[in-house]
Every structure is written in structure tokens, then in C-alpha cells.
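Let me begin by presenting the structure, written as C-alpha cells, before commenting on it.
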Amino acid sequence: MHSSSNAHTDLRINSKYKLLVDTPAQNRTAGTKNKSKKVRHYSLAIENDKEEEMASDNAPLLNSQSDSNFDEDDYLSERNRKNYGLYSGDSSGKKKDDGCCGKFIWCICGGCFQVCGRGFVKLFSSEPEYEPRRVRFGQKPSGNFSRNIIRNQKYSVITFIPLVLFHQFKYFLNLFFLCVALTQFVPSLRVGPLYAYWAPLGFVLFVTLMKEAYDDIKRYLRDKKENAQKYKKITSNGVKTVASSDIEIGDLILVEKNQRVPADMIFLRTTDKTGTNFIRTDQMDGETDWKLRIAVPTCQRLPTDEDLLHINAFVYAEKPEKDIYNFIGTFCKDNGEREDVSLNVENTLWANTVVATGEAIGVVIYTGNETRSVMNTSYPKTKFGLLDSELNNLTKVLFCLVLALSLTLVCLKGFEGAWYKSLIRFTILFSYIIPISLRINLDMAKLVYSWFISRDDEIPDTVVRTSTIPEELGRISYLLTDKTGTLTQNEMVFKKLHLGTVSFGQDSMDEVRTYLHSVYANPTKTESSTSKKTIKRTVVTRVYEAVKALALCHNVTPVVDENTPRSATPEINGHIELKETGGTSDIVYQASSPDEVALVTWTESIGLTLIHRDLNEIHLRSPVGDTLKYRVLQVFPFTSETKRMGIIVKDLDTGEILFYMKGADAVMQNHVNYNDWLEEECGNMAREGLRTLVVAKKSLTEEQFQDFEYRYNQAKLSVEDRAVKVLKVEESLIYDMELLCLTGVEDKLQQDVKPTLELLRNAGIKIWMLTGDKMETAICIAQSSRLVAKTQSIYQFKLVTNRAEAHLELNSFRRKCDHALVIKGDSLETVIKHYEHEFMELAIQCPSVVVCRCTPTQKADIVQLLKTHTGKRTCAIGDGGNDVSMIQMADAGIGLVGKEGKQASLAADFSMTQFSHLGRLLIWHGRNSYKRSAALGQFVIHRGLIISVIQAVFSCAFFYISVPLYHGMLQVGYSTVYTTAPVFSLVLDVDVRDDIAMTYPELYKDLVKGRHLSYKTFFVWLLVSIYQGGIIMFGALFLFEDDFIHIVSISFTTLILTELIMVALSVRTWHWLMLFAEFLSLLIYVVSVVILKNEFDEQFITSVPFYWKTLVITLVSCLPLYILKLLRKRFAPPNYSKLTE
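Numbering follows numbering that gives the first Met the number 0, in which position 915 of the sequence shown is assigned residue number 914; successive positions increment by one, without gaps.
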């Protein structure tokens, strides 16, 4: 039960705002209805913040709604307030206080509803409840666990047909034609043979069934192959081979090199003597860098693999979670003396990762649906294009037209007898107004567009992953792009080293090399100078300390190239050891960040080379050839929360214990000694477009380290709140550190970024850059890439933390809304919270926007804000896992295959290899896709309208009879074999060449307005259909002389010729396939005239009157439209025609 204060509405009245607050129950209900919608409720606690309120009142917001009685800070946006029953301002929209009685009724009814609702949710919820588990080696724990099978199929043999039909008949078009086809089983409603209505519907359903069956069979075969993979299982009877689907929790599985891990396991042993292995995780997190995994030390020390079955040990594992970057577990061994070992993500082998080095033995802890990979498998919402929505609206108009036309004819006939049967029969006769083939034509066209994109040599390796939205690429108004790896190459090059009083750039690296060589050539002098802290260090000493720190503080491991013979490179305890003399061309550095590889590569270039790294030791080669050995005592990996990385090492020569740490300047400033240069130099480097890292050092005594290690290990063994406790212990060590240096790493722009951004800007597309980098770096990249022109002014939105500051800053920004906007993520979050509508109204007027220090969630929120406040189509492009949410939120998501991996590429609608390919994808392929689909959709509608007009005129001329004019094969053939090929060939039409479209991107601007498919163009085609249908039918009635069958022959032949001529008149650039489709359709019709003797009078169709009557009616129906087209081209030509002349 809730307390009374929560049960009642929290109502706080203020004379200015006159309003209410949302109730907690309402918020919960709203959240239950739609969890994806963020529902904010605000409290008018004005009395607790009077000073802030007065400051806001004294600075009135200069907006167009200055006389409004409500404030965005206090309520939901206007639309959401209406949705959730919250109103303010005028009394008409005001929610009344229902009094005590109303509140009492609400408490009783609302409370019961909540309790019952929760009960039903819990009763029928299919989401399993997971629990932690203890897993003993070789023994399956008690309980029901998921089978270790991969199943990506959508259907089973039993559910295939019912589910496919259900999904198809959800659509209005298919359901309507199903009802029409079912009426043909009623004799009194039948207007033609059954196949005339069932054949088109059956064809559409057959194509859909075949497509779904093909896709699901492919999924089944892939699953079967994965589930049948063989693995070695260690048992008491020796090593056995089992299929992946037969693996259970508790099994000891041996995974060989380059083999996929079949289930989530704890890494127990490896063939590598150091107890470490590398794994590839690109299929899970999209990152191409190898990850280091550590075997449980107790198990690694066992003599043989079979000894795992004879020790009294178990693994405690947390309940299955989605988080692939964290894990809480404990290894417990009790063979007389209890031994507990803390387990984290470095001791795990997640399913679908691949062992990159050596062999690994692990105990299975999660299988099937409980594995991290399956739990993170999401099925994103299917995207539907704006053109599909527009055509869907037009079909609704067509349906109303069918009903109106049928009702009109019934009214003209009179409501006599069974008039409702006539109404149904007329509805069936005019059902061709709603084209059943519209959807399948558009779907096939989209496949053609996707094929064009994937086969374009100008944008190689482009992949279309979502073939339902290629037309969206032709109507983009906003492009939201990531910076690192998208606009830049994500190939880091070390550029600058700053030591406080001296800075070294690319042109002075020889000095660093000289200083470093002199230190290692005279080690005695260096030791004496570094041991006395009272003596001010020389430049040489500081260079030495900084370079050594960069060579040690990292998670980089040298790995031999796969193509290098094993004998060519010596090993130390199973790890690579570079030769003291000779190159390192066959050695690659593996790390989780390209920044770290750049730093280690730089230290190698100046003489201090990383030659060996394992779990316990780091070996460096000095400039004079000596080997320097350090023992790794503790490593603190980089996380997005801490934004720092640290390591504690012990110099095996001197016994000195050193703690190194590096990280972002915003974090490190709080942990290093006072200095007066760090903040300024970080800003200077950022303005040069460099990524900065601050490096610091601290010397520890043996006692200090032992105390820290004890507390740290105790925190790591904690089951509850382990991360918090570990972080607390870490922070106890991170204080009063000596600042060593500041490094600057450059991330170069990708090829042709500048012309591509200029091209898109000329096409009318506004570009927003969303990055997690610093403001100075973001501004530098924006200017160097020409996202912001050099002559363009920049407005830097100040840091705001509350409503009053946001209020004042918005007023300042309003006067500069023609500037390029640069804003930090936290300031954006604050201003959106209080003044969402006002800020977005100003931001969309800016020529470009840069959002820095932006989180992945904020990126997706910005996309949603643009879609909500502008109603325009958005495109998002990125290359990393932090861009996935933004890509999936946008109307068209584009992923780049880059240094950060394939996660963005796999989650996107379109995958590319370079940012510069985006220009051609949008300006050429997007433009063509939209214009072609618009033309195709309207022609398919015209094809149905014209034959329905002919039917209507025929029914009116013959006393409103509800009998079809064309029977059997003519009715079916008209919309299939006679006209499908020419109409569909419009997907090959182009108005301008690709080089012209790329040279004049201004042509793209017209598409955004949607004028190629609108209600205006629809009604134009409606008038054309009425005119042509009327001419054809009235002409046939006027010119026929003897038999009724002559009307059918003349009107149907004229109808086919008119449709073929209309397609020809619409073509702007002929393709040989278009000509082939025209002649093929005409040939098929001529052959069918000869074959279908029941539908045509053979003697009449070979006579001269048939030909001249058909020719005259065809000319009258088409010639005026051709003349109008010529006049329009002469006096009001389209933009593209001026470029093709």
C-alpha cells in the first residue's frame, strides 16, 4: 500500500500558474501504456525556489507565445499534457478538483485496477525469472535451464501458414480483397468467375509465402549448421565429442583456436603457459580489436585437464544479465583449505566470441536463451518509409471513392428490392480502384533499388540491410553524424608531447630520441637525479619519465602476424618476444583502443620498444638494446564511467613500485598536483584537433601497496555492490599524483569529407555533428571539415545547470540563431528539460549544430527531437557501438565499417565503407528511388482507376446493371500480363544523368517537399483517369454497330493501347528493357486475342472498322494529354529539363 501522501494528488496552487501536478499513479499508467515514451512530471514547488523563479520572471523569454499562461518547466509539453489529461492556462482546458469523494473513489478503483493489472501481468508474462547459480565441474545443477540451441526461425511447420496469413491480412488492402473474394462464393453476389478475384489475391499471397518460406528455411539451415558444430567435452571417461546443442551447464568444454565459443563459460585453463588467451568479439560488440582473457589461476596451475574433475570446487555466477562488459562471480575451492578467487569479465568466454590464440577450457554457466549474445539480440522495429504512409492514405481515399461511387449508382437506380445486394455488387465491381498489386509492385521495386545500390561501382562494398526504405534516402532534411571514425579516419597518429615548460611536436621528435638515448646510456646520472625530489628535474629527466610512463601504462600486447612462421619469432613462456636486433614488421600491437596503439607505436619509434607483455610481466627494449623487465602487480582497465586507465608495476632491477595512470583531462585534473598549465594546454591542443590524454605517476612503498592490495582483493570478492566497492578502493589510491605529461594524438579527416559535406549542404540538408569529444576538438573538426564555414560565426552555448540559467542563455541565443551552434550534452539536457519547444525552434534555424560531450542515449534523443519538432526525415551515420541507438532511431540509418568494428554497420539500414559515399547514396540513388516509386505508385493507381471508370460508364449506360464489362481472363490479364511489365519498367527511368545530379545537388531540394506524390498529383491522375475512361467507353458505345461483343473488343484494345502509350509518354530516358517490355506486352495481347475466341469476335477484329475505331478512340484519349505535356514543357519546364537540353 502507498502512503496517504502518495495516494492523493499532489496539488500545489500558484497564483501565476494556476495549476496542478501529475499524480504518481497517472505517471505509472502512462509509462505502462508506452514504455518507450519518456513521461516527465514536474512539481510546481515554486515556494522552495523563489529566487530562481524571480530571476526567470525578470528576464522574460522572447518567444512567439509570450502571453502563454504555462511554462515548459512546470508541465509536460502541450501535446503530452493533452494526451495525459494535464491542462493549464485557460479555464476550458483546466482539470477540476473532484474533491474528497472523487479522490476516495479514485483511490479505491485505481488501487484495485493497479493490483489486478500487476497480477495479470505477472500471471501471463512470458519473461523468465533468472537466479544466481552454483556450478560444479562436470555436474549439471538442479533446476530447469535453457537448452543450448540457436533458433532464429520465425515460424514452425504448424505456425507458418497461420502466422504469415495473419500478418498479411493485418493490412487493409489485403483484408479488403479477401472480403471481396469471399463474396464470390455467394451466388447472388457473384459478378464473375472465382479466379477473376482469387487469382490476383492468391498470387500476392503465394509470392509472400514463398518469400517468407525461403527466408525461414535459410535461417533454419544456418541454425542447424551452428547447432551441429562439434566440441570436445572433458568427462571422467576421457574426452568426448558433442554437438553444440547437447552442451549443458556444468560441462567442461575445450574450445580450439579460431573456434566459436558455444555457450557462456568461465575460462579455467589454456595451453598458453601464461594463463591468458585472446578472443575476437566482433560478432558480439562489433569491436575488431582482440580482447585479453585470463584463466582462473588455481585451475591453470593443475597438472592436467582431467584434474578439474577431481577438485572440490564450484563457480558462483550471478543471474543472467544483458551486460557484456561486466560480470560478478567467484571461484571457490575447498580441498582442506578454502580458496576464493574473484571473477570478472576478464575470466569469461561469452558465446559467439572466437578464440584467437591457443586453446581454452571453460565450464559452462549459461546456455541458450540465458547467454549474453541471445539476451542482447534485439529485433528492431521495422521501418516504414514516408512514401508507404502516403500511399496508404491514398488507398483509404480510394476506398471512400469506391463506396461513394457504389452508393451513387444505387441512388440513381433507386432503393428498390434488395438494393443492398446491388451496393455490394457495385463495390465488388469497382474494387479494382484499389490496386491489390500496388504493394507487391513497390516491394519488388525496392529490391531493384537495393540491387542498384549494391552494384554501384562508385560506392563499392555498400550493403542494403533494410530494403523497405530506399525512398527515404531521397527525402532527407537532417543528417546527424558522429565525428570519430565517421568524419575522421580513427587512425591515431602521435603529434605532440607537452611537459609543462616545453613542448615537442613532429619536427622535434629527434630531440626526444636524443634525450632518451642519453638517459639509458648514463643510467647512474638518471637514478641520482630522480631519487632526489627536492632537486628540480631537468628536461631530460622529464622526457625519460614521460616516455617510460607511456611505454608501461597501457593494455597493449604484441602479437605475431598469422602469416609469420612460429619458428621465426622467439617466445617467452608462450608469448611473443621481439628480437633485440631486427625489425618488428611481423608484429602487430593489439589493444582495445587505437589511442593506446598510437602511443606505444610512438615510444617504439623513439627507441623504447614494447617487446613482451603477458599477465605478469612487461618487457621493454631500451634505445641501447638492454631489456627492461617490470612485474605487473595490478591493472585498472579503462571504463566509460571512470574515463581513466591505470597500472601498478614493479621494476625488477631496482624494486621500485610505480603507479601510473592516464585519462581524460576533465577526470585527471582532480587527481594530480596543482599546476597552472594543464587546462590551458588541453584547450590549445583541442583547438588543433588533437585528442588529449593526461599522464600521471605515483611511487608506492611496499607497505602502501600491500595495504591497497588487501583492500582491493576484499572488494573484488564482494558479491553485492562489487563495482562500487572496488571503485572506492581505487579512489583511495588516486590522489596527490605527479603530473608527467600531456599527449596529443591526431585523428585525420576521412577522404573527401569536405566536398561531401558541401554537396549535402547545397542539397538543402542540414548537418548536426554529435560527438563525445571535447568542445574545442569538436569545433576544430567542424571547421576543418567545412561543416562550419570559416567565415561563419559560431555561438557557444554556455554551460547551464538550472532553469534560470537556461532561460537567460536562450534569450542570448535567440539573437544569434543564424550562427552555427555548439553546445555540450549536459547543457542540452538541462535546456531540453525546461524549454524543449523554444530551444528546438531556435536550433533548427541554425545552419549547422555541433553537440559535444554527447552520450549514446542523448544522440538517439536528439534524433527523436528533430523528428518530433520538424516532421522532417532524418538520417544518422556512425561507425561505433555508441552510434547504434542513433542509427536505429533515425528514419534512415547508415553504418560505416571502421576501426571501431562492425556493430554500427550490422545495426544500420545501409552499410558503407567511407563517409564520402554518402553523397552519391543520397543525391543519386535516393533521388531516383523516390521519383521512380512515386511514378510507379501513381501509374498502378491510374491503371485501376481507368478500368473502374469504364465499368461505371458501362453500368450507367445499361440502366445501372451490376454486371462486369470484362469477364474472366481479360479482367485478370489487364492488371498482370498485359500491363505489368511496362508499368514496372518505370523503375529504370531517370530524369538526369548521375554526373548532372551530383554537379547540381540543388535538384535534391525539390524532393523534400514531396510534390511528386501528393494529393494534388493524385487528383490530377484521377481527372486523367476519368477523362480517358470516359472517352474509351463513350467512344466504344458511340461507334459500335452490331453485337455487344464489339464494345468489349474496341474498349479493351483501346484500354491496353492507352496504358502502354501513357507509360511511353512518362518515360524521360529510354532503356532497352523499357522498349522490350512495351513490345512484349503488346505481343502477349495480340496472341491472347487470337487464343481467347470467346472474348473476341474473330471476324470483327480482322476487319478495317475495328482498327480505325480503335485508333480514333486511342488518339482522342491520349493526344490531348501529349499536347498538354508539350505546352507544360515549353512554358513551365521542370528544373531538371533545363540541365538536359
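For glycine and all other residues, C-beta sits at the position ideal for the given N, C-alpha and C. All of these numbers come straight from a predicted model, not from anything done at the bench.
- One alpha carbon belongs to Phe1099, the other to Leu969, and they sit about 18 Å apart.
- Beta-carbon to beta-carbon, Ala781 and Met768 are separated by about 6 Å, close enough to satisfy the 8 Å threshold.
- Inclusion of Ala294 and Leu267 in the CB contact set at 8 Å is warranted, their separation being smaller than that value.
- For Met736, no beta strand (DSSP E) run applies, since DSSP gives it neither H nor E.
- With a cutoff of 8 Å on beta-carbon distance, Asp988 and Val1066 are scored as near each other.
- As summarised for the segment 810 to 875, the continuous beta strand (DSSP E) elements at least 3 residues long and confined to that stretch are 819 to 823 and 847 to 851, given in chain order.
- The C-alpha of Glu835 lies about 23 Å from the C-alpha of Asp481.
- Gln913 has its alpha-carbon roughly 38 Å from the corresponding atom of Ala805.
- The beta carbon of Ser961 sits closer than 7 Å to the beta carbons of Val190, Ser421, Arg424, Phe425, Leu428 and Ser954 from its chain, once the five residues preceding and following it are set aside; these are given in chain order.
- For secondary structure counted as the beta strand (DSSP E) over 3 or more consecutive residues, the segment 265 to 336 holds these complete runs in sequence order: 275 to 279, 290 to 293, 312 to 316 and 328 to 333.
- The shortest C-alpha to C-alpha distance from Ile216 to any of Ile323, Ile233, Asn334 and Arg150 is the one to Arg150.
- The beta carbon of Thr608 lies closer than 6 Å to those of Arg620 in the same chain, with the five residues before and after it left out.
- In summary, Glu130 is exposed, with fewer than 16 beta-carbon neighbours lying within 10 Å of its beta-carbon over all protein chains present.
- For Met1073, the number of other beta carbons within 10 angstroms of its own is at least 16, and it is reported as buried.
- In this structure, DSSP gives His941 a helical state, which the three-state scheme calls helix.
- Here the alpha carbon of Leu208 sits roughly 36 Å from the alpha carbon of Gly879.
- Annotation for Leu515: the continuous alpha helix (DSSP H) segment containing it runs Met508 to Ala520.
- About 17 Å separates the beta carbon of Cys552 from that of Ile610, a gap too long to meet the 8 Å contact definition.
- By the criterion of at least three beta-carbon pairs nearer than 8 Å, the segment 885 to 892 is not in contact with the segment 487 to 506.
- Here DSSP, grouped into helix, strand and coil, assigns Pro593 to helix.
- Between the segment 1088 to 1097 and the segment 974 to 987 there are fewer than three inter-stretch CB-CB distances shorter than 8 Å, so the stretches are not counted as touching.
- When DSSP states are grouped into helix, strand and coil, Trp601 belongs to the helix group.
- If you draw a straight line from the Cα of Leu164 to the Cα of Ser453, it is about 31 Å long.
- Pairing Arg919 with Ile861, the inter-Cα distance amounts to about 25 Å.
- Among the bridge pairs identified by DSSP, Leu689 is matched with Glu745.
- Around Glu470, the same chain offers Gly384, Leu386, Ser928, Tyr929 and Ser932 as residues with beta carbons nearer than 7 Å, after the five sequence neighbours per side are excluded.
- Closest in C-alpha terms to Met1061, from the list Leu1079, Leu1038 and Trp1020, comes Trp1020.
- Taking 8 Å as the cut-off, the Cβ atoms of Leu549 and Thr513 do not count as close.
- For a cut-off of 8 Å, the C-beta gap from Lys797 to Glu808 is around 5 Å, short enough to register as a contact.
- Short of 7 Å from the beta carbon of Ser372, and not among the five residues preceding or following it, lie these beta carbons of its own chain, in chain order: Met283, Trp349, Ala350 and Asn351.
- For Asp215, the enclosing alpha helix (DSSP H) covers residues Tyr194 to Asn226.
- Here the C-alpha atom of Ala1076 lies approximately 15 Å from the C-alpha atom of Leu1064.
- Taken through DSSP and simplified to helix, strand or coil, Leu964 comes out as coil.
- Between the beta-carbon of Cys851 and that of Lys773 there is about 6 Å, and that keeps the pair under the 8 Å contact cut.
- Looking at the backbone, the Cα of Gly688 and that of Ser826 are separated by about 22 Å.
- Under the DSSP definition of a beta bridge, Val134 partners with Val314.
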